[in-house]
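Chemist: Using the numbering used here, you'd call the opening residue of the sequence shown number 17 and step up by one each time. Cβ coordinates follow ideal geometry from the N, Cα and C atoms, glycine included. Keep in mind it's a predicted model, so treat the numbers as computed, not measured. Sharing a structure below in structure tokens format, with a few things to ask.
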Amino acid sequence: MPALPSDIAAALRQQMVVSSQDATIKTRFPSARDGIDAPAEGFFDSAADAATALAQRVALLGTVRRRFVVRVADLVDVTPGTVPTHRVIDAEQGLDAVMLVSRIEVDLENEQSKVEYFG
Numbered sequence: 017m018p019a020l021p022s023d024i025a026a027a028l029r030q031q032m033v034v035s036s037q038d039a040t041i042k043t044r045f046p047s048a049r050d051g052i053d054a055p056a057e058g059f060f061d062s063a064a065d066a067a068t069a070l071a072q073r074v075a076l077l078g079t080v081r082r083r084f085v086v087r088v089a090d091l092v093d094v095t096p097g098t099v100p101t102h103r104v105i106d107a108e109q110g111l112d113a114v115m116l117v118s119r120i121e122v123d124l125e126n127e128q129s130k131v132e133y134f135g
């Protein structure tokens, strides 16, 4: 089936780039990677639609998240099919929060576990 003129016109449209920046985050982390070299790709009919999708993306990803690794001198038991969360308290880092367990390494030989938290 040959391409219709309306299909060709849509394919030849100019690229539109919509961006969002948070001055507070840029000030707090001045050397952080900003992703300008490889922006997230999306296909929208209007800038307003792209801005709405970008606002949703920023709401999910645009918050400050921290990662901690905790060594446990025991085996950690995890129930398959559940998403474990633990309360992590670290006075040195000023942390007292419930965090998601993103990775667990169990060393059966030494009976130790290493838990990585994200949140």
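Taking the straight line between their C-alpha atoms, what separation do you get for residue 116 and residue 133?
Modeler: Position 100 of the sequence shown holds residue 116. Position 117 of the sequence shown holds residue 133. The straight-line gap from Cα to Cα measures roughly 6 Å.
Chemist: Using DSSP with H/G/I as helix, E/B as strand and the rest coil, what is residue 39?
Modeler: Taking the first residue of the sequence shown as position 1, residue 39 is located at position 23. Residue 39 falls in the helix class under three-state DSSP.
Chemist: Name the residue from 73, 100, 21, 66 whose alpha carbon lies nearest to the alpha carbon of residue 114.
Modeler: The count along the sequence shown starts at 1 and reaches residue 114 at position 98. That would be 100, whose Cα lies nearest to the Cα of residue 114.
Chemist: Report the three-state DSSP secondary structure of residue 70 (helix, strand or coil).
Modeler: Counting from 1 along the sequence shown, the entry for residue 70 is found at position 54. Helix, per DSSP.
Chemist: If you count every other CB in all the chains shown that lies within 10 Å of the CB of residue 33, and 16 or more means buried, which is it?
Modeler: For the purposes of this step, residue 33 is taken as residue 17 along the sequence shown, with counting starting at 1. It is exposed - the Cβ of residue 33 has fewer than 16 other Cβ atoms within 10 Å.
Chemist: Helix, strand or coil for residue 103, going by three-state DSSP, please let me know.
Modeler: The residue labelled residue 103 in the question sits at position 87 within the sequence shown. Note: residue 103 maps to strand in three-state DSSP.
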